[in-house]
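See structure below.
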Amino acid sequence: MTRRTIRASIAVLVAGLVSVLLGVLTATYTGSLGPHAAQYSVRLNGEVRVDMGPLGALIIDSPLPLNLGADVIVKEIPAELTAPGTSPVAGLTADLESYTQFLANPEAAIDDAVQGLVTDAVGRSVLFLSVLLVTVALGRLAAHGVLREAVRSAWSRTGVPALSVTLTAVLVSVPVIELTRTSGGVGRTSTILAGTPLEDARITGRLATLVDHYGTYVVEAIDDNTSFYAAARENLLAAYAADPHPLAPDPVDVASPDSTESTESTESTESTDSTDSSDSSDDTDGQDDPGEPTPEIADPGDGEPSSAESEAATPEPADESAVTTALLVSDLHCNIGMADVIGAAVTASESDVVLNAGDTVMGGTSVESYCVNAFAAGIPEGVPVVVADGNHDSRTTTAQEEANGWIALQGDAVEVAGLRILGDTDPTLTSLGAPTRPQREETINAMGNRLARTACDLAEQGQGIDVLLVHSPYAGRQAAEAGCAAATIAGHLHRQVGPRPLGWGVQYLSASSAGAGHGTPTIGPLNNPAVMTVLRFDTDTGLVTHYRLLTIGTDTSAEISEWRAWPELPPEYADVTVDQE
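524 is the number that full-length UniProt numbering gives to position 524 of the sequence shown; each next residue is one higher, with no gaps.
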């Protein structure tokens, strides 16, 4: 029994080592490099080689141990998610922005590739180990206990040992030679990259000329981007450290909603109906449903609660354990420089959950996975993220978010951090240069009506929702007006609207948390202020009590507003009856 245990342990150990070796050496990953698809594979030559095809290659010494390296084959720019009528000029502009985004923060794509290779290597190792162990077990069963004698007998025959050793050497040496083949020192370094992590990189072909000519701009872009967001993060943390009430409002010093701000928001939004369908730079193109009345984001009419009633201070829960703090972000549009800033905001505000009102990426393509991964990596571990994907996100984006553990709303209520949240992905898809088109057979208004019916049904069952989270405000107004959602939260317009009464509920539209504005790119240092919102919920009632704004300026400044009371619901809210049809 001892001998059998030792032999079995040795067999498992050897099989494990062989499986890990095979898994690592055969690992591959298809990811992105800027706007390009890229194929990553492991090598044993101690080099990282980025092959740009006819342009040449960039070769650097690998920082990995055990002489591990990688080959990166840069492929085409995917034509996925395009549509007839796409403007080639706008498409090229999107590609240029993607290059700039990658160069401004290449670590996100690199981390994405490393994670992909490690995941693939682990999966392959487990597969190889399973196959080897099953093969050994089948061999023992097939040999009826005489496997060792059969091997010993075959090995004793003339020529078998020599042939076996030769065959094994050939089978091992051929792939090993290929895996360990180096570049032979080809290429040259560029003085432009001196003082950067790529100062020792060797560059071949026409790529070397391009680096010499444009490398200065690239290096400056990386430095500017890194220093800008590092300063913004530090300024936000410093602002929190100096804030007298960082986590909860002072009961005797809480601001009421600013009536002037509310009026300005109302006026700006009333003009939306005439501009949304034509101004694609405002990220609202295609959001009005043809053939249907355009829904207005307007204050409630006669018979509904007045703004004076709603501006009364909302009582703060007596028990702090009955409070959920949420950080609201929206319209990130792949500005991954904000990832660490958002993470710092989550930590400083001690948020229990992150609410994302959509448009995390730009076009919903597979190569934008590094954007999602970068934002996910910036969120502190253990803090859940609930997202309502927008019209710049696709089903591909949803899968990327779910792979990172995010909770993507898809028409059903979820309970997270003591809150019941309802929402859905936007039914349309917009990408630069392409007209907005449907992702499913449903309009914005139809989606809003469906969510309102769902919210009302849940309310009748005693499982009412606390938050309706959608991207387009035109899909959230119906539930608020019906009295089946106390708070409806959206983004999409790239500016703050509210919070203010709408029907029997309260509506709030978040500004962009990445500086997205009218025609200005969300790459590099901010071109517009980036705004996040901290919300405090009374989990006993499910109602928002207070909120505050965290604003990062274009000069890296960080401003934390005073705590404001959330508008109260009318006393009749709990008794509202709704004709759900």
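We put the CB at the ideal spot given by N, CA and C, even for glycine.
If only uninterrupted alpha helix (DSSP H) runs of at least 4 residues are considered, those enclosed by the region 135 to 201 are 147 to 155, 160 to 180.
Taking C-beta atoms as the reference points, L236 and S513 fail to come closer than 8 Å. DSSP places L332 outside both helix and strand once states are collapsed to three, so it counts as coil. When the five nearest sequence neighbours on each side are left out, the beta carbons in the same chain lying within less than 7 Å of the beta carbon of Q410 are those of D424, T425, in order along the chain. Relative to the Cα of R395, the nearest Cα in the group I421, G542, G364, R564 belongs to G364. Of the other Cβ atoms in all chains shown, 16 or more fall within 10 Å of the Cβ of H546; this residue is therefore buried. Rounded to whole angstroms, R188 and T204 show a C-alpha spacing of 7 Å. One alpha carbon belongs to L526, the other to T554, and they sit about 5 Å apart. Assignment of I523 by DSSP, reduced to helix, strand and coil, places it in the coil class. Inter-segment contact for the region 119 to 127 and the region 46 to 59 is absent: fewer than three beta-carbon pairs are separated by less than 8 Å. Taking a C-beta distance under 8 Å as the contact criterion, V323 and F537 qualify as a contact pair.
Three or more beta-carbon pairs separated by less than 8 Å link the region 478 to 487 to the region 447 to 458, which places the two stretches in contact. Assignment of L66 by DSSP, reduced to helix, strand and coil, places it in the coil class. DSSP places Q39 in no alpha helix (DSSP H) but in the uninterrupted beta strand (DSSP E) bounded by 36 to 43. In the DSSP annotation of this structure, the continuous segment of the alpha helix (DSSP H) that includes H213 starts and ends at 205 to 242. T428 and G390 have their alpha carbons spaced roughly 8 Å apart.
Contact check for F228 against G116 fails: the beta carbons are separated by 8 Å or more.
Secondary structure of I379 (DSSP, three-state): coil.
In terms of Cβ geometry, G343 and P380 form a close pair [threshold 8 Å]. DSSP lists L550 as the beta-bridge partner residues of I560. Note: P438 is bridge-paired with T428 in the DSSP secondary-structure output. Within the region 440 to 520, the runs of alpha helix (DSSP H) at least 4 residues long that lie entirely inside it are, in chain order, 444 to 460, 477 to 482. D223 and G195 have their C-alpha atoms some 11 Å from each other.
I342 carries a helical assignment under DSSP once its states are collapsed to helix, strand and coil. Here the alpha carbon of V12 sits roughly 12 Å from the alpha carbon of T135. Ranked by how close their Cα comes to the Cα of S366, the residues G418, T30, E562 have T30 in first place. DSSP places N356 within a strand segment (E or B) once states are collapsed to three.
Within the same chain, Cβ atoms closer than 7 Å to the Cβ of A232 are found at V341, I552, T556, A558, the five residues on either side in sequence being excluded. The closest CA to that of V386, considering only I407, F128, S19, is found on I407. Rounded to whole angstroms, the Cβ separation of W563 and P249 is 3 Å, and the two are in contact under 8 Å. Excluding five sequence positions before and after P529, the CB atoms of its chain that fall closer than 7 Å to its own CB belong to G515, T551, I552, G553, T554, given in chain order. In this structure, A376 sits away from V353, with a CB-CB distance that is not shorter than 8 Å. Following the DSSP letters along the chain, one finds G23 inside the alpha helix (DSSP H) bounded by residues 2 to 25.
In the three-state DSSP reduction, T325 falls in the strand class (E or B). Just so you know, the alpha carbons of A511 and M532 end up roughly 8 Å apart. Listed as beta-bridge partners of D61 by DSSP are E47.
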